[in-house]
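*Asks:* Protein chains in written order, with the working numbering: chain A, 20 to 223; chain B, 66 to 263. Below you will find the structure I want to go over with you.
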């Protein structure tokens, strides 16, 4: 049977090995403690299948700690070059993030601008009047009159800067409407004359 | 079995590392004992014989100790140590390739002579077999463990879980977790000591 005397004290050592429940002050490990810790390490390594044929010497840890003690090896101060490289690296990271953010904002602004202009243009299409266009007011530039290019529709080489298909459609629609109205007006006048003639005839 | 990822979960090493940074050498002793087998396993993938594995492992642990103040807890201690170990092994390989054709027969590696008068490695087959048998003892003891103790030791050693995480997972107090892990270790240790005293 297992001996569970002083179990609390041993339990704490086990927890200490796991890095849990560390006592205040510097650790003091007896030879017995180190032996336990060696066994626990071996158990863990076996369970994790870490044991290889290339075995460490049984006194590996002890000889390493002796070397540290004898050669008075101490932890060195933080390597400044590493700190600098880390700070440069972090600056690069920040710069990359900021650049990426700016690029995203620029793309978003462009898309928004295109959307707004497109929306406005689309909505404005119906209200565009057939009045004189901006191009026709430009007048002569050097020796060329831009407006003159638009008026010569017979030429196949003409440059139609301000021609709009919707203008053509609306003009033809207006013409049809006008003709209808003219026809109605003619009919109305004819009816009136026809009625006047009939009335006059009946009176006679 | 255990993966490196699982080992990285063990964040409780940070407390021990802080102790080392504050000048507590014993805390480093615990870390060395804890990771010595894993470090040897990594080095043995680069280096052939056991004597060199020991040397490279010692150099790696010395480098890690000197640079311990550079550890800022951005990764787990094991991840940080792993990089040092791999770099040490690579440095060894580079220097070893330069003296590839020069074999020092006086080195510790070749200190015994067999019956035919041929220099042999110091690595004892008996020691290897003994080690393998010890591993079998540990695995057999695991099978004999009560279920709750086996579960506790596996979650700690294989899954690398902290006591707090285990308490949450198993719905038991941390004190019970601590007790179960210790009892499992104690049980296996007893089997190991029986094997050693046979």
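Idealized CB from N, CA, C, for every residue including glycine.
Do residue 237 (chain B) and residue 228 (chain B) have their beta-carbon atoms positioned less than 7 Å apart in this structure?
*Replies:* For the purposes of this step, residue 228 (chain B) is taken as residue 163 along the second chain, with counting starting at 1. For the purposes of this step, residue 237 (chain B) is taken as residue 172 along the second chain, with counting starting at 1. Contact: no.
*Asks:* Classify residue 205 (chain A) as helix, strand or coil using the three-state DSSP reduction.
*Replies:* For the purposes of this step, residue 205 (chain A) is identified with residue 186 of the first chain, where counting begins at 1. Here residue 205 (chain A) sits in helix by DSSP.
*Asks:* Strictly under 7 Å for the Cβ-Cβ distance: is residue 49 (chain A) near chain B by that measure?
*Replies:* The count along the first chain starts at 1 and reaches residue 49 (chain A) at position 30. No - not a single Cβ of chain B is within 7 Å of the one on residue 49 (chain A).
*Asks:* Rounded to whole angstroms, what's the CA-CA distance from residue 157 (chain B) to residue 85 (chain B)? Just pull it up for me.
*Replies:* By 1-based counting over the second chain, the position of residue 157 (chain B) is 92. By 1-based counting over the second chain, the position of residue 85 (chain B) is 20. Cα-Cα distance, rounded: 27 Å.
*Asks:* Got a sec: which bits of the segment 200-233 of chain B sit with their beta carbon under 8 Å from any beta carbon on chain A, in order along the chain?
*Replies:* Those residues of the segment 200-233 of chain B that come within reach of chain A (Cβ to Cβ, closer than 8 Å) are 200, 203, 204, 207, 218, 219, 221, 222, 223, 227, 228.
*Asks:* Helix, strand or coil for residue 207 (chain B)? Go by DSSP, reduced to three states.
*Replies:* By 1-based counting over the second chain, the position of residue 207 (chain B) is 142. Here residue 207 (chain B) sits in helix by DSSP.
*Asks:* Suppose the cutoff is 7 Å on Cβ atoms and the five residues either side in sequence are ignored; what does the same chain contact list for residue 199 (chain B) look like?
*Replies:* Translated into positions along the second chain, residue 199 (chain B) becomes position 134. Once the five neighbours on either side are set aside, the close Cβ partners of residue 199 (chain B) are 257, 260.
*Asks:* If the cut is a Cβ gap below 7 Å, which residues of chain B does residue 69 (chain A) touch?
*Replies:* Position 50 of the first chain, counted from the start, is the residue given in the question as residue 69 (chain A). Within chain B, the residues near residue 69 (chain A) are 102, 103, 106.
*Asks:* Where does the unbroken alpha helix (DSSP H) through residue 238 (chain A) begin, and where does it stop?
*Replies:* Because chain A spans 20 through 223 in this model, residue 238 (chain A) falls outside it and cannot be assessed.
*Asks:* Report the three-state DSSP secondary structure of residue 92 (chain A) (helix, strand or coil).
*Replies:* Locating residue 92 (chain A) in the first chain gives position 73, where the first residue counts as 1. Note: residue 92 (chain A) maps to coil in three-state DSSP.
*Asks:* Can you say whether residue 93 (chain A) is buried or exposed, counting buried as having 16 or more other CB atoms within 10 angstroms of its CB?
*Replies:* As a working note, residue 93 (chain A) is residue 74 in the first chain. When all chains shown are included, residue 93 (chain A) counts as exposed.
*Asks:* How would you label residue 112 (chain B), buried or exposed, when you count the other beta carbons within 10 angstroms and need 16 or more for buried?
*Replies:* On the second chain, residue 112 (chain B) is found 47 positions in, with the first residue counted as 1. Its Cβ being crowded by 16 or more others within 10 Å, residue 112 (chain B) is buried.
*Asks:* Assuming residue 130 (chain B) and residue 93 (chain B) make a contact with CB atoms under 8 Å, what is their CB distance in whole Å?
*Replies:* Mapped onto the second chain, residue 130 (chain B) falls at position 65. Mapped onto the second chain, residue 93 (chain B) falls at position 28. Right, their Cβ atoms sit about 6 Å apart.
*Asks:* When we look at the beta-carbon of residue 51 (chain A) and count the other beta-carbons within 10 Å, is it buried (16 or more) or exposed?
*Replies:* Position 32 of the first chain holds residue 51 (chain A). Residue 51 (chain A) comes out exposed.
*Asks:* Taking only the alpha-carbon atoms, compute the straight-line gap between residue 232 (chain B) and residue 214 (chain B) and give it to the nearest angstrom.
*Replies:* Looking up residue 232 (chain B) in the second chain gives position 167. Looking up residue 214 (chain B) in the second chain gives position 149. Roughly 13 Å between the two C-alpha positions.
*Asks:* So, under 8 Å CB-CB, residue 66 (chain A) and residue 226 (chain B) are touching, yes? Tell me the CB distance rounded to an integer number of Å.
*Replies:* Start at 1 with the first residue of the first chain, and residue 66 (chain A) comes out as number 47. Start at 1 with the first residue of the second chain, and residue 226 (chain B) comes out as number 161. The pair is not a contact, with the Cβ atoms about 13 Å apart (cut-off 8 Å).
*Asks:* Between residue 206 (chain B) and residue 253 (chain B), which are expected to be in contact by the criterion C-beta below 8 Å, what is the C-beta distance as a whole number of angstroms?
*Replies:* For this step, residue 206 (chain B) is matched to residue 141 along the second chain. For this step, residue 253 (chain B) is matched to residue 188 along the second chain. 4 Å between Cβ atoms; contact.
*Asks:* Measure the alpha-carbon distance for residue 196 (chain A) versus residue 142 (chain A) and round it to whole angstroms.
*Replies:* The residue labelled residue 196 (chain A) in the question sits at position 177 within the first chain. The residue labelled residue 142 (chain A) in the question sits at position 123 within the first chain. Near 24 Å, if we compare the C-alpha coordinates of residue 142 (chain A) and residue 196 (chain A).
*Asks:* Mind checking which residues open and close the alpha helix (DSSP H) that includes residue 110 (chain B)?
*Replies:* Against the second chain, residue 110 (chain B) aligns to sequence position 45. Neither: residue 110 (chain B) is in no alpha helix (DSSP H) and is coded neither H nor E.
*Asks:* Please classify residue 44 (chain A) as buried or exposed, where buried requires at least 16 neighbouring CB atoms within 10 angstroms.
*Replies:* Residue numbering aside, residue 44 (chain A) sits at position 25 when the first chain is read from its first letter. When all chains shown are included, residue 44 (chain A) counts as exposed.
*Asks:* In whole angstroms, give me the CA-to-CA distance for residue 59 (chain A) and residue 250 (chain B).
*Replies:* Indexing the first chain from 1 puts residue 59 (chain A) at position 40. Indexing the second chain from 1 puts residue 250 (chain B) at position 185. Near 7 Å, if we compare the C-alpha coordinates of residue 250 (chain B) and residue 59 (chain A).
*Asks:* Residues of chain A with a CB under 9 Å from the CB of residue 254 (chain B): which are they?
*Replies:* Translated into positions along the second chain, residue 254 (chain B) becomes position 189. Here the neighbours are 55, 58, 59, 62.
*Asks:* Would residue 102 (chain B) pass as a contact of residue 69 (chain A) if the rule is Cβ separation under 7 Å?
*Replies:* In the second chain, the residue the question calls residue 102 (chain B) occupies position 37. In the first chain, the residue the question calls residue 69 (chain A) occupies position 50. Yes; because the gap between Cβ atoms is below 7 Å, this pair is in contact.
*Asks:* Determine the burial state of residue 82 (chain A): buried for a count of at least 16 other Cβ atoms within 10 Å of its Cβ, exposed for fewer.
*Replies:* The count along the first chain starts at 1 and reaches residue 82 (chain A) at position 63. By the neighbour-count rule (16 or more Cβ atoms within 10 Å), residue 82 (chain A) is not buried but exposed.
*Asks:* Am I right that residue 149 (chain B) and residue 128 (chain B) are in contact with their C-beta atoms under 8 Å? What's the rounded C-beta distance?
*Replies:* Position 84 of the second chain, counted from the start, is the residue given in the question as residue 149 (chain B). Position 63 of the second chain, counted from the start, is the residue given in the question as residue 128 (chain B). Right, the Cβ-Cβ distance comes to about 5 Å (below 8 Å), so this counts as a contact.
*Asks:* Are the beta-carbon atoms of residue 80 (chain A) and residue 98 (chain B) separated by less than 7 Å?
*Replies:* Counting from one through the first chain, the residue named residue 80 (chain A) turns up at place 61. Counting from one through the second chain, the residue named residue 98 (chain B) turns up at place 33. Yes.
*Asks:* Given a cut-off of 7 Å on the beta-carbon distance, is the pair residue 152 (chain B) and residue 75 (chain A) in contact?
*Replies:* As a first step, residue 152 (chain B) is located in the second chain; it is residue number 87 there, counting from the start. As a first step, residue 75 (chain A) is located in the first chain; it is residue number 56 there, counting from the start. No, the pair does not count as a contact, with Cβ atoms beyond the cut-off.
*Asks:* What would DSSP say about residue 248 (chain B), mapped onto helix, strand or coil?
*Replies:* Looking up residue 248 (chain B) in the second chain gives position 183. If DSSP states are grouped into helix, strand and coil, residue 248 (chain B) belongs with the helices.
*Asks:* Would a check of beta-carbon distances place residue 78 (chain A) closer than 7 Å to chain B?
*Replies:* In the first chain, counting from the first residue as 1, residue 78 (chain A) sits at position 59. Not closer than 7 Å to any Cβ of chain B, the Cβ of residue 78 (chain A) fails to qualify, so no.
*Asks:* Determine the closest residue to residue 95 (chain A) out of B:89, B:222, B:134, B:224, with distance taken between C-alpha atoms.
*Replies:* Start at 1 with the first residue of the first chain, and residue 95 (chain A) comes out as number 76. Nearest option by C-alpha distance: B:134.
*Asks:* What are the residues in the segment 121-148 of chain B lying within 8 Å of chain A by C-beta distance?
*Replies:* From the segment 121-148 of chain B, only 122, 123, 126, 127, 130, 131, 132, 133, 134, 135 have a Cβ closer than 8 Å to chain A.
*Asks:* Going by C-alpha to C-alpha distance, which of B:88, B:137, B:244 sits closest to residue 32 (chain A)?
*Replies:* On the first chain, residue 32 (chain A) is found 13 positions in, with the first residue counted as 1. Residue B:244 is the option with its Cα nearest to residue 32 (chain A).
*Asks:* Output the distance between the C-alpha atoms of residue 127 (chain A) and residue 138 (chain A), rounded to the nearest integer angstrom.
*Replies:* The sequence position of residue 127 (chain A) within the first chain is 108, counting from 1. The sequence position of residue 138 (chain A) within the first chain is 119, counting from 1. One C-alpha to the other measures close to 16 Å.
*Asks:* Is residue 89 (chain B) near the ligand GTP, in the sense that its beta carbon is under 6 Å from a heavy atom of that ligand?
*Replies:* For the ligand GTP, the structure offers nothing, since it holds no ligand at all.
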